[in-house]
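First up is the structure itself, then whatever we jot down about it.
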Amino acid sequence: ATGRTPLMAGNWKMNLDHLQATHLVQKLDWTLRDARHDHDQVEVVVLPPFTDLRSVQTLVQGDKLRLAYGGQDLSQHDEGAYTGEISGAFLAKLGCTYVVVGHSERREHHQESDELVAAKVRAALRHGLTPILCVGEPLEVRQAGQHVEHVVTQLRAAIEGLEGEQVSRVVVAYEPVWAIGTGEVATPDDAQEVCAAIRRTVAGPVGDEVAAGLRVLYGGSVKPGNVAEIMSREDVDGALVGGAALSVDDFAAIVRYQH
Ligand code: PEP
160 ATGRTPLMAG NWKMNLDHLQ ATHLVQKLDW TLRDARHDHD QVEVVVLPPF TDLRSVQTLV
220 QGDKLRLAYG GQDLSQHDEG AYTGEISGAF LAKLGCTYVV VGHSERREHH QESDELVAAK
280 VRAALRHGLT PILCVGEPLE VRQAGQHVEH VVTQLRAAIE GLEGEQVSRV VVAYEPVWAI
340 GTGEVATPDD AQEVCAAIRR TVAGPVGDEV AAGLRVLYGG SVKPGNVAEI MSREDVDGAL
400 VGGAALSVDD FAAIVRYQH
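The numbering of the sequence shown is our numbering, which starts it at 160 and goes up by one.
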């Protein structure tokens, strides 16, 4: 991951209310502070439910914590008659700097298409948020050996028509669906294969320089015990962490993977 700042992002999914969120963020900050020199070079992001964000903002901004935070989704629209939706403008106003787009749970349970995901990437960029764009294949696609093609197709659809400057503000997360929340982790070489393909795909439309700077994460059952080897691969620049992000000790250990 030469020259690219590693990024560890914790996707809490629909876990932890705002009181529990405050507790976790405080404890995470204390734990990481103890090892400040260890994680100075790693960017740490938490992705709580929407209802926690105001509390997280108060804590992070009030106590000047070295954590970034963001939403798990956003609307493709900026405002209006879209009951239940959340605008990227609202997230930005709350100090969010990141937002997950196209998580496989949204693609699956909320029928998010590649077109919708592309519109959400644009909405995030419009509001100055860094989209963490999730791509990844289901098990049958991997078994058929079509995983690279599948991921490249999802990625192309999401970034089509964007300019280099816009793509340079995107983070891509390779999350094989069969590895999410299953305890089944891709091998470091599997992660590398797809993360490298992601970088090559981006180079096509926007050039080598943007591609070289693009941060590509791996997600899917990342734990303290497997993160270092995954991170040792050239094109893996960080992790999107679900289950293990709910434990301060595990997430802090993941952030400190180099030690
Ligand atoms: C995720 O939700 O993005 C994820 C990778 O989950 P887990 O780490 O639990 O597999």
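Don't be surprised by glycine CBs; every beta carbon is placed ideally from N, CA and C.
Cut-off 7 angstroms between Cβ atoms - residues of its own chain near A356, not counting five sequence neighbours on either side: Within the same chain, Cβ atoms closer than 7 angstroms to the Cβ of A356 are found at V307, V310 and V311, the five residues on either side in sequence being excluded.
Check: V400 C-beta below 7 angstroms from any heavy atom of the ligand PEP: Flag set: Cβ of V400 near the ligand PEP.
Close beta carbons around S391, own chain, < 8 angstroms, minus the five adjacent residues each side: Within the same chain, P347 come within 8 angstroms of S391 by CB-CB distance, once the 5 residues on both sides are set aside.
Coil, strand or helix - T217 by DSSP: Secondary structure of T217 (DSSP, three-state): helix.
Between the CA atoms of Q351 and Q313 - distance to the nearest angstrom: Rounded to whole angstroms, Q313 and Q351 show a C-alpha spacing of 18 angstroms.
Any non-hydrogen atom of the ligand FMN within 7 angstroms of A248 CB: The ligand FMN is not part of the structure shown, which contains the ligand PEP as its ligands.
Opening and closing residue of the alpha helix (DSSP H) in which I291 lies: Here I291 belongs to no alpha helix (DSSP H); instead the beta strand (DSSP E) covers T289 to V294.
Reduced DSSP category for A240 - H, G, I as helix; E, B as strand; rest coil: If DSSP states are grouped into helix, strand and coil, A240 belongs with coil.
L175 classed as buried or exposed, judged by whether at least 16 other C-beta atoms fall within 10 angstroms: Buried is the label assigned to L175, since at least 16 other Cβ atoms lie within 10 Å of its Cβ.
Where L178 falls, given that 16 or more other Cβ within 10 Å makes a residue buried: Counting Cβ neighbours within 10 Å, L178 comes out exposed, since fewer than 16 surround it.
S380 CB to nearest heavy atom of the ligand PEP below 7 angstroms: Under cutoff, so the answer is yes.
Status (buried if at least 16 other CB within 10 Å, exposed otherwise) for S272: By the neighbour-count definition (other C-beta atoms within 10 Å, threshold 16), S272 is an exposed residue.
Opening and closing residue of the alpha helix (DSSP H) in which V204 lies: Counting along the chain, V204 sits inside no alpha helix (DSSP H); it lies in the beta strand (DSSP E) bounded by residues E202 to L206.
Per DSSP, the bridge partner or partners of Y416: DSSP output for Y416 lists no bridge partner at all.
Distance CB(V329)-CB(I318) smaller than 8 angstroms: For V329 and I318, yes; Cβs fall inside 8 angstroms.
M167: first and last residue of the uninterrupted beta strand (DSSP E) it sits in: L166 to N170 is the span of the beta strand (DSSP E), which, as asked, contains M167.
K279 CB to nearest heavy atom of the ligand PEP below 7 angstroms: Every heavy atom of the ligand PEP is 7 angstroms or more from the Cβ of K279, so no.
Beta-carbon spacing of L275, V258 below 8 angstroms: Cβ distance not < 8 angstroms, so L275 and V258 don't count as in contact.
R225, buried or exposed, once every other Cβ within 10 Å from all chains shown has been counted against 16: Taking all protein chains in view, the Cβ of R225 is surrounded by fewer than 16 other Cβ atoms within 10 Å, so the residue is classified as exposed.
Residues of its chain near E238, where Cβ-Cβ distance is below 8 angstroms and the 5 sequence neighbours each way are ignored: Here the set comprises S246 and A248.
Integer-rounded CB distance, given that V280 should sit under 8 angstroms from V331: Contact between V331 and V280 is absent: CB atoms are separated by about 10 angstroms, not below the 8 angstroms threshold.
DSSP beta-bridge partners of R374: DSSP output for R374 lists V330 as bridge partner(s).
Cβ shell of R358 (< 7 angstroms), same chain only, five flanking positions each side left out: Residues A370, L373, V375 and D394 of the same chain have their beta carbon placed closer than 7 angstroms to that of R358, with the five preceding and five following residues left out of the count.
Same chain, Cβ closer than 7 angstroms to Y416, neighbours up to 5 away in sequence not counted: Beyond the five residues adjoining it in sequence on each side, Y416 comes within less than 7 angstroms, by CB distance, of V386, A387 and M390 in the same chain, given in chain order.
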